[in-house]
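*Asks:* One structure is given below, represented as structure tokens, and several questions about it will come after.
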Amino acid sequence: MIKPKTGLRLVVFTLVAAALVFAGWRLTRPKPPEVEVATIARGPVESTVVNTRAGTVKACRRAKLAPVAGGQIVKMEVKEGERVKAGQPLLELWNRDLAAQRELANRQLATSEERRREACILADNAQRDADRTQQLAAQGFVSPQRAEDARADARSRRASCDALAADVKRAQAQVRVALAGLERTTLTAPFAGIVAKVTGEVGEFTTPSPPGIPTPPAVDLIDDSCLYVSAPMDEVDAPRLQPGQAARITLDALPGKTFPGHVRRLAPYVTEVEKQARTVDVEVDFDAPPRQALLVGYSADVEAIVARHDDALRVPTQAIQQDGTVLVLGKDDRLETRRIKTGLANWAYTEVTDGLAAGDRVLLSFDQEGVKAGVKVTPKAAP
Numbered sequence: 001m002i003k004p005k006t007g008l009r010l011v012v013f014t015l016v017a018a019a020l021v022f023a024g025w026r027l028t029r030p031k032p033p034e035v036e037v038a039t040i041a042r043g044p045v046e047s048t049v050v051n052t053r054a055g056t057v058k059a060c061r062r063a064k065l066a067p068v069a070g071g072q073i074v075k076m077e078v079k080e081g082e083r084v085k086a087g088q089p090l091l092e093l094w095n096r097d098l099a100a101q102r103e104l105a106n107r108q109l110a111t112s113e114e115r116r117r118e119a120c121i122l123a124d125n126a127q128r129d130a131d132r133t134q135q136l137a138a139q140g141f142v143s144p145q146r147a148e149d150a151r152a153d154a155r156s157r158r159a160s161c162d163a164l165a166a167d168v169k170r171a172q173a174q175v176r177v178a179l180a181g182l183e184r185t186t187l188t189a190p191f192a193g194i195v196a197k198v199t200g201e202v203g204e205f206t207t208p209s210p211p212g213i214p215t216p217p218a219v220d221l222i223d224d225s226c227l228y229v230s231a232p233m234d235e236v237d238a239p240r241l242q243p244g245q246a247a248r249i250t251l252d253a254l255p256g257k258t259f260p261g262h263v264r265r266l267a268p269y270v271t272e273v274e275k276q277a278r279t280v281d282v283e284v285d286f287d288a289p290p291r292q293a294l295l296v297g298y299s300a301d302v303e304a305i306v307a308r309h310d311d312a313l314r315v316p317t318q319a320i321q322q323d324g325t326v327l328v329l330g331k332d333d334r335l336e337t338r339r340i341k342t343g344l345a346n347w348a349y350t351e352v353t354d355g356l357a358a359g360d361r362v363l364l365s366f367d368q369e370g371v372k373a374g375v376k377v378t379p380k381a382a383p
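Read in the numbering used here, the sequence shown has 25 at position 25, and its numbers run on one by one without any break.
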């Protein structure tokens, strides 16, 4: 028979042992894994289209200029990086022969004008003489034949005046021909801009590009007062794009900055490049000229906004699994699988139309081992 004191000691010992075992279990049991969660809230959601490869900043006007005729450069009027005005001479070719032809044409024109003036003076005088002879013939002082001869002489001299006037026009045309020949030897700026590159030096020969044989231009002129971005979009996204849509432009050269813009044009054909996806080139204008000086040729990315909902219930896109479900923190911080219906979406947020409510907390990442539905977790806010 167990004594009362001995029984009490046994109970106490058992309770102490159980408490120690429970404490040891509490201390050694695996802790719930920490996971990043996001709280569902309302905010703007956009459906966007982005370029498949880097786009390029381009100038609205860029001309690779060369003289109409080939020849030796005798004057180089500009340097690379220099700003020029419309009509400003850029370079001049050897043209002494054409200048001499222009001088000859000018002298021939002057001679023709003097001859015309002389003939017209004589014609006016002959007309006045014919008028006086006609009056005398009417009074019987001279014969009718003499009056007729005076009128014929006046008409003849008038015809000579008119013929020489036509000769003056021919001489004027010859002057214009000579001037056109000279203009072919002078390269001028078709618009105001900046000289990007000059190919050739004084004394060298330059020629225009024959058909099918590209040659370096004498002067590469860029109008950098108007810039836009050309970017390739996947052909699958092309039907969703149209001119006038809002867009955002980012530049690798200016990280952290976004420039608003809008779609100005879609290429009317699909570009097919070997070993690359078929794309459609999209041109995007800046809504306002950037304050920073942009260089033509900068790489750029375009995000065209197809649709936007300003006050939508949204979930981070990374929280949605491939099967269209999310893991939600339920009671006692255990994960639950929930299927949702979605609307607009982009890489950052997806609109939720059914399956979640504001305030719900969803799992952001799924790469932790053992994290699945039914597991108790320790939530931590996403950074």
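For every residue, glycine included, the Cβ atom is placed at its ideal position computed from N, Cα and C.
Does DSSP classify residue 230 as helix, strand or coil?
*Replies:* Strand at residue 230.
*Asks:* Can you tell me which of the three DSSP states residue 196 falls into?
*Replies:* Reduced to three states, the DSSP call for residue 196 is strand.
*Asks:* At which residues does the alpha helix (DSSP H) containing residue 235 begin and terminate?
*Replies:* Residue 235 -> no alpha helix (DSSP H), and no H or E assigned at all.
*Asks:* When DSSP labels each residue in this structure, what does residue 249 get in the three-state scheme?
*Replies:* Correct three-state label for residue 249: strand.
*Asks:* Which same chain residues, not among the five before or five after residue 106, have their C-beta less than 7 Å away from its C-beta?
*Replies:* Only 175 meet the Cβ criterion.
*Asks:* For residue 121, does the three-state DSSP call read helix, strand or coil?
*Replies:* The answer is helix: DSSP assigns residue 121 an H, G or I state.
*Asks:* Whose CA, out of 195, 306, 113, lies closest to the CA of residue 88?
*Replies:* Ranking 195, 306, 113 by Cα distance to residue 88 puts 195 first.
*Asks:* Are residue 338 and residue 355 touching if we call contact CB-CB under 8 Å?
*Replies:* Yes. Within cutoff.
*Asks:* If you drop the 5 nearest sequence neighbours on each side, which residues of the same chain put their C-beta closer than 6 Å to that of residue 25?
*Replies:* In this predicted model, residue 25 has a pLDDT of only 43, less than 50, meaning its place in the structure is not dependable; the value taken from the coordinates is given anyway. Answer for residue 25: no residue qualifies.
*Asks:* In three-state terms, what does DSSP make of residue 25?
*Replies:* For residue 25, the predicted structure reports a pLDDT of 43, less than 50, and the residue's modelled location is therefore unreliable. A value from the coordinates is still provided. Three-state DSSP puts residue 25 in a helix.
*Asks:* List the whole-angstrom C-beta distance separating residue 57 from residue 296, where the pair is believed to meet the contact cut-off of C-beta under 8 Å.
*Replies:* So it is a contact: roughly 6 Å between Cβ atoms.
*Asks:* DSSP has residue 206 in a bridge; who is on the other side?
*Replies:* The partner list for residue 206 (beta bridge, DSSP) reads 71.
*Asks:* Can you name, in chain order, every residue of its own chain whose Cβ lies under 7 Å from the Cβ of residue 264, other than the five neighbours on each side?
*Replies:* 228, 243, 283, 284, 285.
*Asks:* Can you tell me the Cβ-Cβ gap for residue 310 and residue 44, rounded? I've got them flagged as a contact below 8 Å.
*Replies:* About 5 Å separates the two Cβ atoms, so the contact holds.
*Asks:* Any contact of the region 120–130 with the region 151–165, i.e. 3+ C-beta pairs under 8 Å?
*Replies:* These segments touch.
*Asks:* Identify every run of the alpha helix (DSSP H) within the region 274–323, keeping only runs that are complete inside it and at least 4 residues long; order them along the chain.
*Replies:* As far as the region 274–323 is concerned, it has no whole alpha helix (DSSP H) run of at least 4 residues.
*Asks:* What does residue 91 pair with, by DSSP beta-bridge criteria?
*Replies:* Beta-bridge pairing links residue 91 to 76, 187.
*Asks:* Rounded to the nearest angstrom, how far is the Cβ of residue 362 from that of residue 315, given a contact under 8 Å?
*Replies:* Residue 362 to residue 315, Cβ: 6 Å. Contact.
*Asks:* Can you pull the DSSP bridge partners for residue 366?
*Replies:* The partner list for residue 366 (beta bridge, DSSP) is empty, contrary to what the question assumes.
*Asks:* To the nearest angstrom, how far is the alpha carbon of residue 280 from that of residue 379?
*Replies:* C-alpha separation (whole angstroms): 45 Å.
*Asks:* Quick one: residues in its chain with C-beta nearer than 7 Å to the C-beta of residue 142, no 5 flanking neighbours on either side, listed in chain order?
*Replies:* Around residue 142: 133, 136.
*Asks:* Quick one: using the 10 Å Cβ neighbour count with 16 as the cut-off for buried, is residue 104 buried or exposed?
*Replies:* Under this definition residue 104 is an exposed residue.
*Asks:* Would you mind sorting residue 102 into buried or exposed? The rule is 16 or more other CB atoms within 10 Å of its CB.
*Replies:* Buried, because 16 or more other Cβ atoms sit within 10 Å of the Cβ of residue 102.
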